[in-house]
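A short write-up of the structure that comes next.
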Amino acid sequence: MTPPTFDMDAVHARLSEWVARQLPEAQQIKLSALKRPGAGISNETYFFDLHGQQGDEVFEKQLVIRWPPTGFTAFPRHAYDMAKQYRLLKCLATTAVPVPPVLWMEEGVSVIGSPFYVMEKVEGWVPGDFPPYHVAGPLFEATEPDRARIWWSAIDAMAQVHCVDWERAGLGFLGAPEAGKGFIERQIALYDEVFALNGEPMPPILVGTREWLLRNSFAPKHIGLCWGDARLGNLLFREHKVAAVLDWEMACLGDPESDLGWFAHIDWATSVGRAKGAFPRMSGLPDMAATMAHYEKATGRSVDHLHYYEVFATWRMAILFTRIEQDASYLARSGNAKGFITWTHFEKLQRLLGC
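In my numbering, the protein residues as written are 13 to 367.
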């Protein structure tokens with residue numbers, strides 16, 4: 013999150029000058045105040061309106077600016093690579109995957125203190141996390157048939173991501189994993205690095221799960237683009253269809269089935285898997301068996317390792333929750349004690365592994 017000492021007035025002034033330099037043919041450039049849509053553990057995101065004039069034409073654009081977190085981070089600082097995210101979005105604009113159009117990238121730190129990029133704002137709504145979409149918001153208010161249409165559109169969008177010809181799209185810069193078990197080994201190494209930031213011993217259930225993941229690892233049948241944070245809350249909908257796929261911070265080249273495990277786990281974690289105030293999964297949403305059948309039809313590929321990747325997803329999220337619990341401001345705001353938001357994940361890992 014942006015700390016209270018972050019000088020938004022100074023950022024606004026320097027950003028206004030910078031935007032004017034990106035539009036040398038325009039005059040009377042004015043930016044509205046930056047408004048934050050919500051909080052999270054990924055990039056800082058703000059909305060603003062751009063007003064200007066070019067010749068006799070007056071124009072207005074609704075834009076989004078994103079920069080790395082300036083306070084507590086769940087991931088190591090190097091994971092917040094804005095230039096890579098910008099480049100990925102540029103490449104995806106040439107594919108069938110709906111993404112917000114990116115406009116400009118600033119790799120220096122002189123403007124706002126960190127690299128950032130600017131993209132167009134896409135109109136629509138996003139299934140919420142706080143409160144979860146299972147109990148409030150447009151999806152909750154939709155009829156059951158419309159809930160299913162929205163869900164299927166999400167699965168179709170994920171299938172589009174996974175079917176991208178990543179070499180043709182120029183995504184080799186993401187780094188294809190080594191043949192064999194290189195993908196999962198790379199992923200486990202990343203989350204080892206995440207947990208190491210805690211500076212404390214890894215809980216036995218996480219150690220045991222890590223060993224299980226390595227012992228049961230395999231060579232993926234397909235190497236493709238992985239969204240990395242595949243969930244309803246990272247999709248923007250217009251009416252009942254996906255209008256944009258958002259939040260590509262964890263994108264990589266690897267086994268697309270890992271996204272399916274994450275998608276299934278997040279749906280659980282935002283309903284029956286909540287540590288406080290758990291509630292039933294929303295009615296009208298297709299179950300995971302039907303979801304995987306739909307995905308298989310959309311991609312022409314079988315789903316063979318959902319259990320494995322749900323274990324991996326649960327382990328990943330548990331590690332991220334241990335990171336969040338290192339944030340003193342989070343503990344103060346929530347009133348939660350350390351260990352409170354991880355216990356349901358630890359129990360789920362025990363069930364999945366038959367402990």
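Every residue gets a Cβ at the ideal spot worked out from N, C-alpha and C, and that includes glycine.
Cβ-Cβ distance between residue i and residue j below 8 Å
i: F275; j: S283; result: no
i: W79; j: S126; result: yes
i: P110; j: V219; result: no
i: P189; j: I235; result: yes
i: D61; j: E72; result: yes
i: T356; j: A287; result: yes
i: P139; j: L151; result: yes
i: H277; j: A208; result: no
i: S346; j: F84; result: no
i: E156; j: G296; result: yes
Delimiting residues of the alpha helix (DSSP H) encompassing residue i
i: L361; result: 355-365
i: A273; result: Sequence check: residue 273 is Gly here, not Ala. Segment 269-281, the alpha helix (DSSP H) holding G273.
i: H306; result: 300-311
i: H252; result: Segment: none, H252 is in no alpha helix (DSSP H) and carries neither H nor E.
i: Y129; result: It is not in any alpha helix (DSSP H) - Y129 instead sits in the beta strand (DSSP E) that spans 128-132.
i: G64; result: It is not in any alpha helix (DSSP H) - G64 instead sits in the beta strand (DSSP E) that spans 56-66.
i: W79; result: First-last for W79: 69-79, but that is the beta strand (DSSP E), not the alpha helix (DSSP H).
i: L104; result: 94-104
i: V114; result: Premise fails: V114 lies in the beta strand (DSSP E), 114-118, not in any alpha helix (DSSP H).
i: D241; result: Premise fails: D241 is in no alpha helix (DSSP H) and is neither H nor E.
i: L151; result: 150-153
i: G220; result: 216-227
i: H24; result: 20-34
i: V206; result: 194-208
i: A108; result: It is not in any alpha helix (DSSP H) - A108 carries neither H nor E in the DSSP assignment.
Nearest residue (CA-CA) to residue i, options the options
i: H174; options: H252, E308, G296; result: E308
i: N55; options: L75, D21, A91; result: A91
i: W137; options: D21, F333, L247, G285; result: L247
i: L364; options: L225, R159, G149; result: L225
i: L75; options: G83, R99, A95, P49; result: P49
i: L265; options: T221, Q199, T354, I162; result: Q199
i: P368; options: L332, F358, Q362; result: Only positions 13 to 367 of the chain appear in the structure, and residue 368 is not among them; the question remains open.
i: H317; options: E269, G83, K193; result: E269
i: E212; options: G347, C367, Q338, A344; result: Q338
i: R99; options: L186, Y145, G347, G312; result: L186
i: Q97; options: A325, I77, T82, T311; result: I77
i: D19; options: A45, P36, G192, R227; result: A45
i: D177; options: M294, Q34, T311, T354; result: T311
i: M214; options: Q34, D21, W163, T354; result: T354
Supposed close pair residue i, residue j - CB separation, criterion 8 Å
i: M329; j: A281; result: 6 Å
i: V315; j: L272; result: 6 Å
i: L244; j: A166; result: 6 Å
i: H306; j: D158; result: Actually they are not in contact, since the Cβ atoms of H306 and D158 sit about 16 Å apart, beyond 8 Å.
i: W327; j: R222; result: 7 Å
i: K360; j: G285; result: 7 Å
i: V123; j: R335; result: So it is not a contact: roughly 29 Å between Cβ atoms.
i: M170; j: A255; result: About 15 Å separates the two Cβ atoms, so there is no contact after all.
i: A148; j: E119; result: Actually they are not in contact, since the Cβ atoms of A148 and E119 sit about 39 Å apart, beyond 8 Å.
i: I217; j: F358; result: 5 Å
i: Q172; j: A108; result: 5 Å
Opening and closing residue of the beta strand (DSSP E) in which residue i lies
i: G236; result: 236-238
i: C175; result: Taken as a continuous stretch (DSSP letters only), C175 belongs to no beta strand (DSSP E), as it is neither H nor E.
i: H90; result: Careful: H90 lies outside any beta strand (DSSP E) and carries neither H nor E.
i: Q40; result: 39-43
i: G266; result: 264-266
Practice task
Check whether the region 23-43 touches the region 61-77, counting contact only when three or more Cβ pairs, one atom from each stretch, lie closer than 8 Å.
Solution key: yes
Exercise for the section: For the region 100-117 and the region 128-137, state whether three or more C-beta atom pairs, one from each stretch, are separated by less than 8 Å. Expected result: yes
Exercise for the section: Check whether the region 172-189 touches the region 91-110, taking contact to mean three or more Cβ pairs, one atom from each stretch, closer than 8 Å. Expected result: yes
Exercise for the section: Determine contact between the region 29-37 and the region 222-238, defined as no fewer than three beta-carbon pairs at a distance below 8 Å. Expected result: no
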